[in-house]
Amino acid sequence: ELHLGVFSNETREPGRLIRLFDGILPDTKPDRKKQKPDFEALTRLPPHDGYPDGALLALGSGSKRNRRMGALIGLGPDRAVRDRPRAVDLSPLLGPLDDNFAKLNIEGAVVNRSDFCLFQRGNSRHAINAIIRFPLADLLDALAQGRTSAIKPSAIHSFDLGHIADAPFCFTDATSLPDGNMIFTA
């Protein structure tokens, strides 16, 4: 929960761990849950300032202050991790969303054309899911500049994904397809 697992597509060799944050999480489940960064989403960002071959962005759920930290991991031309991860405070992106959702819980992140999209997961009390769109250029600029001012979404689209019995379907992850469409799991 403080590491990123990296595995080869070409071999069956064991993967390796890349530390995203320093520290050690407690062993007991309640204490661990309180302190974990709760990484829920990982997406590939296009080339931008300081990252000529793109980067991975790991995001926490945003549900608590310690879950609004992320990690930016530079990629090389071969798409392999090239740099030590850099911690980034995603509060300017996630904090303003508290006004829109009773319980913020980001479960997916997708670069889709010129947008950076977050997938908000509903729950049994608040079953509305949402796709939150930000201009990708604004996000990349904020990451490059270390900007701490709020980044406002360009659109928020809510979705009721239906139920089975009393259990609502809720976003659990998403990805962008080469044709510009997005798919999600719920």
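With this note's numbering as the guide, the letters of the sequence shown map in order to residues 3 to 188.
By construction, the Cβ of each residue, glycine as well, lies at the ideal position given by its N, Cα and C atoms.
Since we're looking at a predicted model, the values are computed, not measured.
Closest by CA to residue i, which one among the options?
i	options	result
L96	A89, I75, L106	L106
D80	N11, D33, A132, A43	N11
M226	F136, L141, N131, F121	Past the boundaries of the shown model lies residue 226; the chain is included only from 3 to 188, so the question cannot be answered.
F186	D55, H50, R123	R123
L6	D91, S178, P48, P87	P87
A129	M71, A144, A188	A188
L77	N68, P49, F103	P49
N102	I158, F136, A89	I158
I134	L22, I166, L47, D117	D117
L2	K31, A167, E3, F9	Outside the shown range of the chain (3 to 188) lies residue 2, about which nothing can therefore be said.
R69	L142, P94, D143, N125	P94
P54	L142, G164, I166, A132	L142
D51	D91, S126, L145, L92	L145
E42	V83, G164, A73	A73
R127	M71, K31, P170	P170
D168	G182, A104, N125	N125
Taking the alpha helix (DSSP H) that residue i falls in, what are its first and last residues?
i	result
D51	Run containing D51: none; DSSP gives neither H nor E here.
L142	138-147
D175	Element bounds for D175: not the alpha helix (DSSP H) but the beta strand (DSSP E), 175-178.
D181	No alpha helix (DSSP H) contains D181, which DSSP labels as neither H nor E.
D33	31-37
Quick one: give me the first and last residue of the beta strand (DSSP E) that residue i is part of.
i	result
D117	117-122
A23	One point to set straight first is that residue 23 is Phe, not Ala, in the sequence displayed. No beta strand (DSSP E) holds F23; DSSP gives it neither H nor E.
S160	157-161
I'd like to confirm the pairing. Which residues does DSSP put opposite residue i in its beta bridges?
i	result
R18	V8
A41	Note that residue 41 is Phe in the sequence shown, not Ala. BP columns for F41 point to G62.
Query raised in the report: On the three-pair Cβ rule with 8 Å, is the stretch 45-63 touching the stretch 24-31?
Result: no
Report task. Say whether the stretch 35-47 touches the stretch 7-20, bearing in mind that this needs 3 or more beta-carbon pairs closer than 8 Å, one atom from each stretch. Result -> no
Query raised in the report: Would you call the stretch 46-60 and the stretch 106-121 in contact, with 3 or more CB pairs under 8 Å?
Result: yes
**Report entry** Touching by the beta-carbon criterion (3+ pairs, under 8 Å), the stretch 170-182 and the stretch 146-153
**Finding:** no
Query raised in the report: Which whole runs of the beta strand (DSSP E) in the stretch 86-135 are 3 residues long or more, in chain order?
Result: 88-91, 108-114, 117-122
Query - Ranges of the beta strand (DSSP E) found wholly within the stretch 63-88, counting only runs of at least 3 - result: 71-76
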